[in-house]
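S.K.: In order, the protein sequences belong to chains S and B. First residue of the first sequence? That's 556 in this note's numbering, and the numbers climb one at a time after it. First residue of the second sequence? That's 102 in this note's numbering, and the numbers climb one at a time after it. I am attaching a structure below and will ask some questions about it afterwards.
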Amino acid sequence: MKNNFKFISELIKLRLSHIMTFRLGFFGPFFINTSYFLVQLFAFEAIYGHVDNIRGWGHGEILIFIGTFSLIDSINMVICFFGVISIPEKIQTGELDLYLTKPVNPLLRITFEKVNPGAIPLLIFSVYIIGYGVRESGMNLSCASVIEYLVMVLLMTILFYDMELLLRCFAFLVFSVNNLMKIENTAMDLCMKIPGIAFYGIYKLIFYCILPYGVIATLPAQALIGALSAKGLIFGAAIACIFTFIALSFWTYGVHRYESASS
Amino acid sequence: MKKYLEIAKAYMKAQLIWRPDAFADVIMAVEKILFAWLLWSILFEGKEQIAGLGFQAMISYYIVSSYLFQLEKSAEISQQMTGMLRNGTFSKYMVLPVQTQGYFVAMEAGKIAFSAGIGLLATVLWFYLFRIPFMLIANMKMLLCASFMVILGLLFMAELNYFLGILTLKFQEISTFLMIKDNFSAFVTGAVIPLALLPEWIIEGMRFLPFYYVTYLPSMLFIGKCEDEAITGLYVLSVWCIVFVVLNQITYEHYRIKYDGAGI
Numbered sequence: 556m557k558n559n560f561k562f563i564s565e566l567i568k569l570r571l572s573h574i575m576t577f578r579l580g581f582f583g584p585f586f587i588n589t590s591y592f593l594v595q596l597f598a599f600e601a602i603y604g605h606v607d608n609i610r611g612w613g614h615g616e617i618l619i620f621i622g623t624f625s626l627i628d629s630i631n632m633v634i635c636f637f638g639v640i641s642i643p644e645k646i647q648t649g650e651l652d653l654y655l656t657k658p659v660n661p662l663l664r665i666t667f668e669k670v671n672p673g674a675i676p677l678l679i680f681s682v683y684i685i686g687y688g689v690r691e692s693g694m695n696l697s698c699a700s701v702i703e704y705l706v707m708v709l710l711m712t713i714l715f716y717d718m719e720l721l722l723r724c725f726a727f728l729v730f731s732v733n734n735l736m737k738i739e740n741t742a743m744d745l746c747m748k749i750p751g752i753a754f755y756g757i758y759k760l761i762f763y764c765i766l767p768y769g770v771i772a773t774l775p776a777q778a779l780i781g782a783l784s785a786k787g788l789i790f791g792a793a794i795a796c797i798f799t800f801i802a803l804s805f806w807t808y809g810v811h812r813y814e815s816a817s818s
Numbered sequence: 102m103k104k105y106l107e108i109a110k111a112y113m114k115a116q117l118i119w120r121p122d123a124f125a126d127v128i129m130a131v132e133k134i135l136f137a138w139l140l141w142s143i144l145f146e147g148k149e150q151i152a153g154l155g156f157q158a159m160i161s162y163y164i165v166s167s168y169l170f171q172l173e174k175s176a177e178i179s180q181q182m183t184g185m186l187r188n189g190t191f192s193k194y195m196v197l198p199v200q201t202q203g204y205f206v207a208m209e210a211g212k213i214a215f216s217a218g219i220g221l222l223a224t225v226l227w228f229y230l231f232r233i234p235f236m237l238i239a240n241m242k243m244l245l246c247a248s249f250m251v252i253l254g255l256l257f258m259a260e261l262n263y264f265l266g267i268l269t270l271k272f273q274e275i276s277t278f279l280m281i282k283d284n285f286s287a288f289v290t291g292a293v294i295p296l297a298l299l300p301e302w303i304i305e306g307m308r309f310l311p312f313y314y315v316t317y318l319p320s321m322l323f324i325g326k327c328e329d330e331a332i333t334g335l336y337v338l339s340v341w342c343i344v345f346v347v348l349n350q351i352t353y354e355h356y357r358i359k360y361d362g363a364g365i
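Rendered as structure tokens:
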């Protein structure tokens with residue numbers, strides 16, 4: 556464990572010195588993320604300017620929801636996004652060999668090797684949006700609800716990572732995962748616009764249990780506004796554990812199946 | 102003209118190599134429509150209309166705009182150009198006895214021609230499956246206006262992406278610009294949400310820009326809305342296309358001397 560932390564810290568140091576060489580590359584993710592965030596915010600304002608509330612959630616609660624989604628997305632961007640998205644290419648080109656033959660956990664290296672501080676300002680924007688949402692909804696935050704919120708954010712960040720990894724591991728089985736990525740993007744776009752509490756029937760099953768993007772910002776937002784039941788809390792922890800298990804198992808299975816550049 | 106037609110034909114044939122991919126691409130448009138259905142069925146609860154559109158008109162809009170959005174593949178032009186300019190393989194276009202701008206537009210036309218047919222069939226299928234009564238445009242004039250606007254819109258996007266591609270000669274690394282452009286273009290063309298949802302003063306401003314006429318207005322015209330804006334739209338979009346054709350020519354002539362054929 557101690558070695559892993561030391562390894563991660565070395566990876567981060569190497570990465571930082573690498574991206575400082577290309578200054579535009581350093582600020583690039585900031586501009587890209589900010590533009591994406593602004594587009595989502597405009598779309599949100601355009602849609603919710605015409606709708607008073609969704610299943611009891613008003614403007615303030617929805618702002619907390621969208622801010623939380625953006626927060627989790629930006630944490631993911633800072634830590635592991637750029638590493639995980641390179642998995643399909645590494646599998647197709649055989650570059651994964653270089654990771655498998657090193658005496659460190661290949662997934663650990665892939666996850667942390669492309670840490671990117673360019674998304675940190677987006678993290679700050681997200682916190683600001685959440686704060687604005689809290690003010691807008693006029694609620695008084697308790698210490699317990701903030702702690703509950705932070706725990707849920709942590710769990711949902713792990714779940715987000717699991718989903719990212721799981722979908723990219725399909726590259727071990729098929730030649731191109733482009734269409735899967737399109738499904739991921741569309742599902743995320745949708746779940747960024749509608750809180751999970753609005754889903755019903757088959758949609759609830761899909762976005763809570765199969766592609767659980769629907770819970771990613773909903774559960775933490777519910778925790779912050781004090782609407783998360785004990786059942787919801789257990790569900791959040793359980794779904795994060797189950798998907799972590801599935802993602803890691805799928806990764807292990809994929810690595811066993813991997814036949815270098817010819818796979 | 103014959104040369105450009107041959108280029109378009111060659112790229113259309115090349116698309117046949119990737120027909121399962123092109124077919125999957127078209128089919129995937131349904132997921133966008135499905136998600137739009139879900140989003141708006143929730144938002145329309147207890148409401149008859151949002152921004153002047155009823156539920157069926159809203160879904161019709163998404164079906165048509167998804168088709169138009171899926172047709173628009175010009176982002177490939179700037180990506181391809183920037184890649185080739187950087188690694189020095191752009192020379193092969195410079196030595197051809199055609200204008201490079203015309204070459205890329207013809208290439209885009211060939212690619213679009215292939216997917217337009219399959220996409221149209223799929224769009225009709227989605228209307229049938231979603232049981233949306235297709236609101237036919239009342240008169241032939243509007244149908245022609247909307248179709249011509251789609252062609253001009255696609256031409257404009259190809260010109261814009263060609264312009265961004267040329268900028269590689271000046272700035273060397275433009276992938277950040279391209280990603281920012283991709284993020285905004287889906288929104289300002291109306292592919293994310295109908296622009297009718299935006300405040301009136303923003304829509305007023307957008308009417309002077311070309312993006313308003315690329316996906317949003319043709320989609321609205323196809324579902325029988327905004328008919329009074331059709332002719333003005335054609336004029337505005339034509340002006341933008343002409344401006345970009347000239348701008349591209351000048352920019353290319355100005356910067357092409359910086360290219361040394363060995364990559365940047």
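Yeah, the Cβ is synthetic: ideal placement off N, Cα and C, and Gly gets one too. Please read all numbers here as calculations on a predicted model, not as lab measurements.
Name the chain S residues whose beta carbon is nearer than 8 angstroms to that of B:I151?
M.R.: Here residue 151 of chain B refers to the residue found at position 50 when the second sequence is read from its first residue. Per Cβ cutoff of 8 angstroms: H605 and V606.
S.K.: Quick one: give me the first and last residue of the alpha helix (DSSP H) that S:R690 is part of.
M.R.: For this step, residue 690 of chain S is matched to residue 135 along the first sequence. Note, S:R690: alpha helix (DSSP H), I675 to S692.
S.K.: So with Cβ pairs under 8 angstroms, would you call S:S818 a contact of chain B?
M.R.: Numbered from 1 along the first sequence, position 263 holds the residue referred to as residue 818 of chain S. Note on S:S818: pLDDT 44, under 50, position unreliable in the model; the coordinate value appears next. No, S:S818 lies away from the interface with chain B (no Cβ there is under 8 angstroms from its Cβ).
S.K.: For S:T623, is the classification buried or exposed, using 16 other Cβ atoms within 10 angstroms of its Cβ as the cut-off for buried?
M.R.: Counted from its first residue, the first sequence places residue 623 of chain S at position 68. Classification for S:T623: buried.
S.K.: Excluding five sequence neighbours on each side, which residues of the same chain lie with their C-beta closer than 7 angstroms to the C-beta of S:L618?
M.R.: Residue 618 of chain S sits at position 63 when you count from the first residue of the first sequence. Result list for S:L618: I684, Y687, G688 and E691, in chain order.
S.K.: Restricting to Cα atoms, I'd like to know which of S:I563, S:G611 and S:F585 is closest to S:A782.
M.R.: Here residue 782 of chain S corresponds to residue number 227 of the first sequence, with the count starting at 1. Checked all of S:I563, S:G611 and S:F585; the closest Cα to S:A782 is S:G611.
S.K.: Which residues of the segment 175-191 of chain B have a Cβ closer than 8 angstroms to any Cβ of chain S? Give them in chain order.
M.R.: Cβ contacts with chain S come from no residue of the segment 175-191 of chain B.
S.K.: What did DSSP end up calling B:L310 once you bin it into helix, strand or coil?
M.R.: Residue 310 of chain B sits at position 209 when you count from the first residue of the second sequence. Of the three classes helix, strand and coil, the one that applies to B:L310 here is coil, per DSSP.
S.K.: Tell me, please, whether the CB atom of S:M575 is closer than 8 angstroms to any CB atom in chain B?
M.R.: Sequence index remark: in the first sequence, residue 575 of chain S carries index 20 (1-based). Cβ-Cβ to chain B under 8 angstroms: no for S:M575.
S.K.: B:L226 by DSSP, collapsed to three states: which one?
M.R.: If you number the second sequence from 1, residue 226 of chain B lands on position 125. DSSP places B:L226 in helix when its eight states are reduced to three.
S.K.: Helix, strand or coil, according to DSSP, for B:L154 in the structure here?
M.R.: Taking the second sequence and counting its residues from 1, one reaches residue 154 of chain B at position 53. Three-state DSSP puts B:L154 in a strand.
S.K.: Quick check: is the beta carbon of B:N262 nearer than 8 angstroms to any beta carbon in chain S?
M.R.: As a first step, residue 262 of chain B must be located in the second sequence, where it is residue number 161. No, because no Cβ of chain S sits closer than 8 angstroms to the Cβ of B:N262.
S.K.: Hey, does B:K212 have any beta-carbon neighbour from chain S nearer than 8 angstroms?
M.R.: Counted from its first residue, the second sequence places residue 212 of chain B at position 111. Taking Cβ atoms only, chain S never reaches closer than 8 angstroms to B:K212, which makes this a no.
S.K.: Are any of the Cβ atoms in chain S nearer than 8 angstroms to that of B:V165?
M.R.: Within the second sequence, the letter at position 64 stands for residue 165 of chain B. Cβ-Cβ to chain S under 8 angstroms: no for B:V165.
S.K.: Under the DSSP definition of a beta bridge, which residues are partnered with S:I609?
M.R.: Within the first sequence, the letter at position 54 stands for residue 609 of chain S. In DSSP, S:I609 forms a bridge with S:W612.
S.K.: Which word fits B:P300, buried or exposed, when buried means at least 16 other C-beta atoms lie within 10 angstroms of its C-beta?
M.R.: In the second sequence, the residue the question calls residue 300 of chain B occupies position 199. Per the 10 Å Cβ criterion, exposed.
S.K.: Output needed in chain order: residues of the segment 278-297 of chain B with a Cβ under 7 angstroms from some Cβ in chain S.
M.R.: Answer in chain order: M280, I281, N284, F285, F288, V293 and I294.
S.K.: Pairing CB atoms from the segment 130-146 of chain B with CB atoms from the segment 737-745 of chain S, are three or more of them under 8 angstroms?
M.R.: The segment 130-146 of chain B, when compared against the segment 737-745 of chain S, does touch it at the 8 angstroms Cβ threshold.
S.K.: Give the interface partners of B:K326 over in chain S, defined as CB-CB distance under 9 angstroms, in chain order.
M.R.: Here residue 326 of chain B corresponds to residue number 225 of the second sequence, with the count starting at 1. Ordered by position in chain S, no residue passes the 9 angstroms Cβ test against B:K326, which lies about 16 angstroms from the chain.
S.K.: Using 10 angstroms around the beta-carbon of S:N695, count the other beta-carbons present and answer buried if the total reaches 16, otherwise exposed.
M.R.: Residue numbering aside, residue 695 of chain S sits at position 140 when the first sequence is read from its first letter. Looking at its Cβ environment, which holds fewer than 16 other Cβ atoms inside 10 Å, S:N695 is exposed.
S.K.: Give every residue of the same chain whose Cβ lies closer than 7 angstroms to the Cβ of B:L296, excluding the five residues on either side of it in the sequence, and list them in chain order.
M.R.: In the second sequence, the residue the question calls residue 296 of chain B occupies position 195. Cβ neighbours of B:L296 beyond the five flanking positions: I304, M307, Y313 and Y317.
S.K.: Can you pull the chain B neighbours of S:A601, defined as C-beta to C-beta under 7 angstroms?
M.R.: Mapped onto the first sequence, residue 601 of chain S falls at position 46. The contacting residues are I294, L298 and L299.
S.K.: Would you list, in sequence order, the uninterrupted beta strand (DSSP E) runs of no fewer than 3 residues that lie entirely inside the segment 696-722 of chain S?
M.R.: Runs found: none.
S.K.: Can you list the residues of chain S that B:E132 reaches, using a CB-CB cut of under 9 angstroms?
M.R.: Taking the first residue of the second sequence as position 1, residue 132 of chain B is located at position 31. Neighbours of B:E132 on chain S, chain order: K737, I738, T741 and A742.
S.K.: May I ask you to report which of helix, strand or coil DSSP gives B:E132?
M.R.: The residue you call residue 132 of chain B lines up with position 31 of the second sequence. B:E132 falls in the helix class under three-state DSSP.
S.K.: Note down, in chain order, every chain B residue with its Cβ under 8 angstroms from the Cβ of S:L745.
M.R.: Mapped onto the first sequence, residue 745 of chain S falls at position 190. Chain B residues near S:L745: F136, L139 and L140.
S.K.: What is the DSSP secondary structure of B:Q350, reduced to helix, strand or coil?
M.R.: The residue you call residue 350 of chain B lines up with position 249 of the second sequence. Looking at B:Q350 - three-state DSSP - the assignment turns out to be helix.
S.K.: Can B:G266 and B:I108 be called in contact, C-beta distance under 8 angstroms?
M.R.: Working through the second sequence from its first residue, we reach residue 266 of chain B at position 165. Working through the second sequence from its first residue, we reach residue 108 of chain B at position 7. No, they are not a contact pair.
S.K.: Using a cut-off of 8 angstroms between C-beta atoms, extract the partners of S:V594 located in chain B.
M.R.: The sequence position of residue 594 of chain S within the first sequence is 39, counting from 1. By Cβ distance, chain B contributes N284, F285, A287, F288 and V293.
S.K.: Checking contacts by CB at 8 angstroms: is S:A753 closer than that to chain B?
M.R.: Here the question's residue 753 of chain S lines up with position 198 in the first sequence. Output row for S:A753: interface = yes.
S.K.: Tell me, please, whether the CB atom of S:F832 is closer than 8 angstroms to any CB atom in chain B?
M.R.: Outside the modelled stretch of chain S, which goes from 556 to 818, sits residue 832 of chain S, for which no answer is possible.
S.K.: Hey, is the segment 238-248 of chain B in contact with the segment 184-199 of chain B, meaning 3+ C-beta pairs nearer than 8 angstroms?
M.R.: No, because fewer than three Cβ pairs between the segment 238-248 of chain B and the segment 184-199 of chain B fall closer than 8 angstroms, the two stretches do not touch.
S.K.: Would you please state the rounded distance, in angstroms, between the beta carbons of S:V633 and S:I602? I believe it to be under 8 angstroms.
M.R.: Within the first sequence, the letter at position 78 stands for residue 633 of chain S. Within the first sequence, the letter at position 47 stands for residue 602 of chain S. Incorrect: roughly 28 angstroms between the Cβ atoms, too far for contact.
S.K.: Considering only residues of the same chain and omitting the five flanking positions on each side of S:S818, which have a CB-CB separation below 6 angstroms?
M.R.: Walking along the first sequence from the start, residue 818 of chain S turns up at place 263. Unreliable placement is indicated for S:S818, whose pLDDT of 44 sits below 50; the coordinate value is still reported in the next sentence. Cβ neighbours of S:S818 beyond the five flanking positions: none.
S.K.: Tell me which residues share the same chain as B:Y163 and place their Cβ nearer than 6 angstroms to its Cβ, disregarding the 5 neighbours each side in the sequence.
M.R.: The residue labelled residue 163 of chain B in the question sits at position 62 within the second sequence. Excluding residues within five positions, the ones whose Cβ falls inside 6 angstroms are I134 and A137.
S.K.: Start and end of the alpha helix (DSSP H) containing S:A795?
M.R.: If you number the first sequence from 1, residue 795 of chain S lands on position 240. Taken as a continuous stretch (DSSP letters only), the alpha helix (DSSP H) holding S:A795 covers A785 to R812.
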